[in-house]
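Worksheet: one structure, shown below.
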Amino acid sequence: MELARKWVQLVIALLTNGYWGFPATRTIYQGPLKVVCSPGLNCYSCPAATTYCPLGALQQLMLSIRFNLENAQYYLGWYVLGCIGVVGAFLGRMVCGWACPFGFFQELLYKIPSRKFSVPRPLRFIKFGLLLFFIFLLPLFVVNDFGMGNPWFCKYVCPAGTLEAGLPLLWLQPELRNTVGLLFYNKVAILVFFVGWSVVASRPFCRVACPLGAFYALFSRARLVKLQLDREKCTKCEACHHVCPMGVKFNESPDDFECITCLACMDRACKFDAISLTVGGIPLRSGEVRKPVVSKPQ
Ligand code: SF4
Ligand code: SF4
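Numbering (this note's numbering), first residue to last: 1151 to 1448.
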């Protein structure tokens, strides 16, 4: 199943970044597919991106709400909320485990041989603060002298945007290099920080700082597709703790908002069939492969 997940991650990363004409056009794709909302974090301004990013769209939505209210227009752009709301209700953070190019990128970095460290559990709450302030409150309330708001997370923080858009566009359009300033260096520093951290810890950006992960985490209990624990079969052996890339102790917290449904605990750890994948509460499959557990910090 791990191999299947890797293939799904690769295919989705390629599909959402499937415009390979950019070396010739030296600009971003703006064709009809650009109205499709990508489920995972994938920058709209990446030269290869065929879809738009749900986080960028959420910030634009908040900017439009303020603009509409100021102009006495009382309607809401439901498309973005509908897209990620439906995806969240079905899959929750399974998107992070299977369909996010930046999550996939971090997993590849973690394969680089090095000493590995765990991510302190309390840090996981930071991403909810980032979701609230950078995605909702700042775009809604902070404007410049001209009354214009900003997509704050994209502009000041997003390491995926720097990796997929900022750096490639500087390479494609050398004239942009004259405009590079402190803001860009700051974003490069954030990217370098998370790249380095991803080599020595499993998925640190997903666990600490991703507002999209925080948004999907809101559906952890209610989502349709999730893992279930059979408490009668569980022996509390804690094997599931050691394989989880998100630091979840599954038998203690089966609805944990950090679970990305990677299925590692079910397939590679639990020898007692205590974990099953369910859709709407109906078991779909339980663990089959029984391999020895290799313990390392998560
Ligand atoms: S709890 Fe299991 S399915 Fe969820 S992230 Fe951890 S190992 Fe993957
Ligand atoms: S590996 Fe299975 S039996 Fe062991 S603690 Fe986790 S759920 Fe329970």
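Don't be surprised by glycine CBs; every beta carbon is placed ideally from N, CA and C.
Taking residue i and residue j to be in contact with their CB atoms under 8 Å, please state how far apart those CB atoms are, rounded to whole angstroms.
{"i": "residue 1213", "j": "residue 1311", "result": "17 Å between Cβ atoms; not a contact."}
{"i": "residue 1409", "j": "residue 1379", "result": "Contact doesn't hold; Cβ gap of about 11 Å is too wide."}
{"i": "residue 1371", "j": "residue 1239", "result": "With 8 Å as the limit, residue 1371 and residue 1239 do not qualify as a contact, their Cβ atoms being about 11 Å apart."}
{"i": "residue 1155", "j": "residue 1256", "result": "In fact, because the Cβ distance is near 14 Å, the residues do not count as touching under 8 Å."}
{"i": "residue 1320", "j": "residue 1326", "result": "6 Å"}
{"i": "residue 1315", "j": "residue 1195", "result": "4 Å"}
{"i": "residue 1271", "j": "residue 1397", "result": "6 Å"}
{"i": "residue 1219", "j": "residue 1285", "result": "So it is not a contact: roughly 18 Å between Cβ atoms."}
Apart from the five residues just before and just after residue i, which ones in its own chain have a Cβ nearer than 8 Å to its Cβ?
{"i": "residue 1358", "result": "1269, 1273, 1274, 1276 and 1277"}
{"i": "residue 1434", "result": "1426, 1427 and 1428"}
{"i": "residue 1259", "result": "1345, 1348 and 1349"}
{"i": "residue 1322", "result": "1172, 1173, 1176, 1177 and 1197"}
{"i": "residue 1158", "result": "1248 and 1249"}
{"i": "residue 1442", "result": "Low local confidence applies: a pLDDT of 46 at residue 1442 is under 50, so the model's placement there is unreliable, with the coordinate-based value given in what follows. So the list is empty, once near-sequence residues are dropped."}
Out of curiosity, what's the CA-to-CA distance linking residue i and residue j?
{"i": "residue 1290", "j": "residue 1209", "result": "8 Å"}
{"i": "residue 1393", "j": "residue 1418", "result": "8 Å"}
{"i": "residue 1364", "j": "residue 1281", "result": "7 Å"}
{"i": "residue 1362", "j": "residue 1332", "result": "26 Å"}
{"i": "residue 1151", "j": "residue 1368", "result": "26 Å"}
{"i": "residue 1181", "j": "residue 1279", "result": "34 Å"}
{"i": "residue 1313", "j": "residue 1341", "result": "7 Å"}
{"i": "residue 1162", "j": "residue 1201", "result": "11 Å"}
{"i": "residue 1334", "j": "residue 1294", "result": "20 Å"}
{"i": "residue 1185", "j": "residue 1413", "result": "31 Å"}
{"i": "residue 1302", "j": "residue 1283", "result": "9 Å"}
{"i": "residue 1168", "j": "residue 1386", "result": "45 Å"}
{"i": "residue 1422", "j": "residue 1384", "result": "7 Å"}
{"i": "residue 1207", "j": "residue 1356", "result": "19 Å"}
{"i": "residue 1235", "j": "residue 1432", "result": "22 Å"}
{"i": "residue 1128", "j": "residue 1381", "result": "In the structure displayed, the chain extends from 1151 to 1448; residue 1128 sits before or after that span and is not available."}
{"i": "residue 1164", "j": "residue 1254", "result": "12 Å"}
{"i": "residue 1511", "j": "residue 1407", "result": "Residue 1511 lies beyond the stretch modelled for the chain, which goes from 1151 to 1448, so this question has no answer here."}
{"i": "residue 1153", "j": "residue 1360", "result": "25 Å"}
{"i": "residue 1304", "j": "residue 1329", "result": "17 Å"}
{"i": "residue 1263", "j": "residue 1160", "result": "21 Å"}
{"i": "residue 1395", "j": "residue 1288", "result": "32 Å"}
{"i": "residue 1265", "j": "residue 1221", "result": "56 Å"}
{"i": "residue 1237", "j": "residue 1430", "result": "14 Å"}
{"i": "residue 1403", "j": "residue 1420", "result": "15 Å"}
Beta-carbon within less than 6 Å of residue i's beta-carbon, same chain only, minus the 5 sequence neighbours each way: which residues are those?
{"i": "residue 1400", "result": "1390 and 1415"}
{"i": "residue 1233", "result": "1187"}
{"i": "residue 1411", "result": "1244 and 1247"}
{"i": "residue 1191", "result": "1250, 1252, 1310 and 1362"}
With respect to the beta strand (DSSP E) encompassing residue i, which residues constitute its N-terminal and C-terminal limits?
{"i": "residue 1214", "result": "Not the beta strand (DSSP E): residue 1214 falls in the alpha helix (DSSP H), residues 1204-1220."}
{"i": "residue 1427", "result": "1425-1429"}
Name the two residues that bound the continuous alpha helix (DSSP H) containing residue i.
{"i": "residue 1376", "result": "First-last for residue 1376: 1375-1379, but that is the beta strand (DSSP E), not the alpha helix (DSSP H)."}
{"i": "residue 1361", "result": "1361-1367"}
{"i": "residue 1389", "result": "1389-1393"}
{"i": "residue 1276", "result": "1276-1280"}
{"i": "residue 1244", "result": "1244-1248"}
{"i": "residue 1347", "result": "1332-1350"}
{"i": "residue 1232", "result": "1228-1241"}
{"i": "residue 1304", "result": "1302-1306"}
{"i": "residue 1166", "result": "1152-1166"}
{"i": "residue 1255", "result": "1251-1260"}
{"i": "residue 1321", "result": "1317-1322"}
{"i": "residue 1284", "result": "Careful: residue 1284 lies outside any alpha helix (DSSP H) and carries neither H nor E."}
{"i": "residue 1174", "result": "1172-1175"}
Under 7 Å: does the beta carbon of residue i sit that close to some heavy atom of ligand 3?
{"i": "residue 1388", "result": "Ligand 3 is not part of this structure, which contains only ligand 1 and ligand 2."}
Tell me which residues share the same chain as residue i and place their Cβ nearer than 7 Å to its Cβ, disregarding the 5 neighbours each side in the sequence.
{"i": "residue 1097", "result": "With the chain running from 1151 to 1448 in the structure shown, residue 1097 is simply not present."}
{"i": "residue 1183", "result": "1200 and 1201"}
{"i": "residue 1166", "result": "1188, 1192, 1199, 1200, 1201 and 1251"}
{"i": "residue 1203", "result": "1188, 1191, 1192, 1193 and 1194"}
{"i": "residue 1366", "result": "1238, 1242, 1243, 1245 and 1246"}
Notebook entry, point to check: Can you pull every residue whose C-beta falls closer than 7 Å to some heavy atom of ligand 1, listed in chain order?
Noted result: 1247, 1377, 1390, 1393, 1394, 1395, 1396, 1398, 1400, 1406, 1408, 1409, 1410, 1411, 1412, 1413, 1414, 1415 and 1416
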